[in-house]
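J.: Here it is, the structure in full.
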Amino acid sequence: GLKEVQSFLLSSAYFWIHEFHIDGLRVDAVSSMLYLDFGRSRAQPNHQGNYLNLDAIAFLKTLNGMVADHFPHCIMAAEESTPFPHVSLPVAEGGLGFTHKWMMGWMNDTLAYMETDYFARGQVHDKITFSMTYAFQENFILPFSHDEVVHGKKSLLGRMPGDYWRQFASLRACYMYQMSHPGAKLNFMGNEFAPYLEWRYYEELEWFMLKYPRHQEMQDFVRSLNHLYLDSPALWAQDRSWEGFHWLDADDREKSVFSYLRRESPEASPLLVILNMTPAAYGQFRVFVPRAGSYRLLLNSDALAFGGSGYGGLEAQGPLFESQSREGEAGGYELILPLPPLAGLYLQYQGESED
592 GLKEVQSFLL
602 SSAYFWIHEF
612 HIDGLRVDAV
622 SSMLYLDFGR
632 SRAQPNHQGN
642 YLNLDAIAFL
652 KTLNGMVADH
662 FPHCIMAAEE
672 STPFPHVSLP
682 VAEGGLGFTH
692 KWMMGWMNDT
702 LAYMETDYFA
712 RGQVHDKITF
722 SMTYAFQENF
732 ILPFSHDEVV
742 HGKKSLLGRM
752 PGDYWRQFAS
762 LRACYMYQMS
772 HPGAKLNFMG
782 NEFAPYLEWR
792 YYEELEWFML
802 KYPRHQEMQD
812 FVRSLNHLYL
822 DSPALWAQDR
832 SWEGFHWLDA
842 DDREKSVFSY
852 LRRESPEASP
862 LLVILNMTPA
872 AYGQFRVFVP
882 RAGSYRLLLN
892 SDALAFGGSG
902 YGGLEAQGPL
912 FESQSREGEA
922 GGYELILPLP
932 PLAGLYLQYQ
942 GESED
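If you read the sequence shown in our numbering, its first letter stands for residue 592, the second for the next number, and so on.
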């Protein structure tokens, strides 16, 4: 590419980071830069005989190298949706040098799942489980960005099916899933209080919605979820490895309930995640756990304080649940607990109980 254009782009990036102290840059539509034949029916191959845009690749490496040298804590995120390898690997190690890659597949699959009628979700069950087949290939960001709440797509709340209560409950469960899935998190401004209207660039957010209890309760829930996330290394310390994630039950299509563990290290106490993605509630739900002992409820998205039903008498946090030996399963254990409708539960392993 032209040196003059490259100089302008590099200078612009430096200016925004240095002068305005921004936390990071997202480079949009990286896929269209990487391939000569992207979106084109006819394209000429490069001198190597393939369709990689070598000039664009070299520029992205230069850009990311410059930012890494001058602003080592700056986020450089690529909105990229192809299998191009090593997008978030440092340039010195053969990558493009971005710090993160947009997890476009996760975002599209998650929203498609959440838009599906509750009792048909078993038919699209794989949209929740599939992301774990590639979750550790890059340093991903899980994005609910401005792109998902504009151009007639509806707000996140507006995408949830069902009545008023179910929409809010489903969105809370969706956020519980996002926060417990490996990868960095991004949620666009306003998503935290669940407006009904899309984002409109020409006016401020609908802050007046916080006068209505359901929207205030949603904001309170997201605040609690954010604080819990920061205080729980199990949810982020091992985002790039199977050491930090373990499925307990990924196959319950009938109930659309998912359960898995997040952990800081193999030796650390695991954090148990249970997601119920339908309005069906269970008074005595059984979930397999690998360790005997007690589990403390850290967060319940169905708590009355968050606009939930308070099913089973569960509050936002607090109760201890003791594991039991599984019938007919030598060496296995289970928890028996109330599972609220359209809800997520986080439980922290507390260790074996003292007799």
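Each residue gets a CB set at the ideal place from its N, CA and C atoms; glycine is no exception.
Check for me: the alpha helix (DSSP H) holding Trp838 runs from which residue to which?
T.: Segment Phe836 to Asp843 is the beta strand (DSSP E) holding Trp838; no alpha helix (DSSP H) there.
J.: Have a look at Ser823, His772 and Val658 and flag the residue whose alpha-carbon is nearest the alpha-carbon of Ser850.
T.: When only C-alpha atoms are compared, the closest one is His772.
J.: Thinking C-alpha only, which one of Phe812, Ala634, Gln810 and Ala669 is nearest Ala620?
T.: Nearest C-alpha to Ala620: Ala669.
J.: Taking all protein chains shown into account, do 16 or more other C-beta atoms lie within 10 angstroms of the C-beta of Phe611, making it buried, or fewer, making it exposed?
T.: Label assigned to Phe611: exposed.
J.: Kindly provide the ranges of any beta strand (DSSP E) runs that are 3 or more residues long and lie completely inside the region 737–807, ordered along the chain.
T.: The region 737–807 contains these whole beta strand (DSSP E) runs: 775–778.
J.: Between the region 830–850 and the region 803–814, can you find at least three pairs of beta-carbon atoms closer than 8 Å?
T.: These segments do not touch.
J.: What does the Cβ neighbour count give for Gly640, buried or exposed, with the cut at 16 atoms within 10 Å?
T.: Exposed is the call here.
J.: Thinking C-beta only, is Arg757 closer than 8 Å to Phe897?
T.: Not a contact, by the Cβ cut-off of 8 Å.
J.: Tell me, to the nearest whole angstrom, how far the beta carbon of Arg887 is from that of Leu911; I am working on the premise that it is less than 8 Å.
T.: With 8 Å as the limit, Arg887 and Leu911 qualify as a contact, their Cβ atoms being about 5 Å apart.
J.: DSSP has Ser850 in a bridge; who is on the other side?
T.: Ser850 pairs with Asp840 and Ile865.
J.: Please return the same chain residues whose Cβ sits closer than 8 Å to the Cβ of Leu616, not counting the five positions on each side in sequence.
T.: The answer, listed in chain order, is Ala604, Trp607, Ile608, Val658, Cys665, Ile666, Met667 and Ala668.
J.: Given 8 Å as the limit, is there contact between the region 924–938 and the region 864–883, that is, 3 or more CB pairs closer than that?
T.: Enough Cβ pairs lie closer than 8 Å, so yes.
J.: Going residue by residue through the region 597–642, where are the continuous beta strand (DSSP E) segments of at least 3 residues, counting only ones entirely within it?
T.: Fully enclosed beta strand (DSSP E) runs of 3 or longer: 615–618.
J.: Report yes if the CB atom of Ala726 is closer than 8 Å to the CB atom of Gly774, and no otherwise.
T.: Going by C-beta atoms, Ala726 is nearer than 8 Å to Gly774.
J.: Output yes or no for whether 8 Å exceeds the beta carbon distance between Arg917 and Gly923.
T.: Going by C-beta atoms, Arg917 is nearer than 8 Å to Gly923.
J.: In the DSSP output, what is Leu889 paired with across the bridge?
T.: In the DSSP output, where bridge partners are listed per residue, Leu889 has none listed.
J.: Quick check on Ala703: buried or exposed, where buried means 16 or more other Cβ atoms within 10 Å of its Cβ?
T.: Ala703 is exposed by the Cβ-count criterion.
J.: Applying the 10 Å Cβ sphere with the 16-neighbour rule, what's the burial state of Gln829?
T.: The residue in question, Gln829, is buried, as its Cβ has 16 or more Cβ neighbours within 10 Å.
J.: Helix, strand or coil, according to DSSP, for Leu926 in the structure here?
T.: Strand.
J.: On the DSSP letters alone, give me the boundaries of the alpha helix (DSSP H) that Met657 sits inside.
T.: From DSSP, the alpha helix (DSSP H) with Met657 extends over Leu645 to His661.
J.: In chain order, what residues of the same chain lie with their CB nearer than 7 Å to the CB of Lys652, ignoring the 5 residues before and after it?
T.: Contacts found: Val682, Leu687 and Gly688.
J.: With three or more beta-carbon pairs closer than 8 Å as the criterion, would you say the region 734–754 touches the region 781–790?
T.: Enough Cβ pairs lie closer than 8 Å, so yes.
J.: What span of residues does the alpha helix (DSSP H) with Ala703 cover, start to end?
T.: Its alpha helix (DSSP H) spans residues Met695 to Glu706.
J.: Once you ignore the five residues that flank Arg796 on each side, which residues in its own chain have a CB closer than 6 Å to its CB?
T.: Here residue 796 is Leu; the residue named in the question, Arg, does not match the sequence. If we look at Leu796 and ignore the five residues flanking it on each side, its Cβ neighbours are Gly781.
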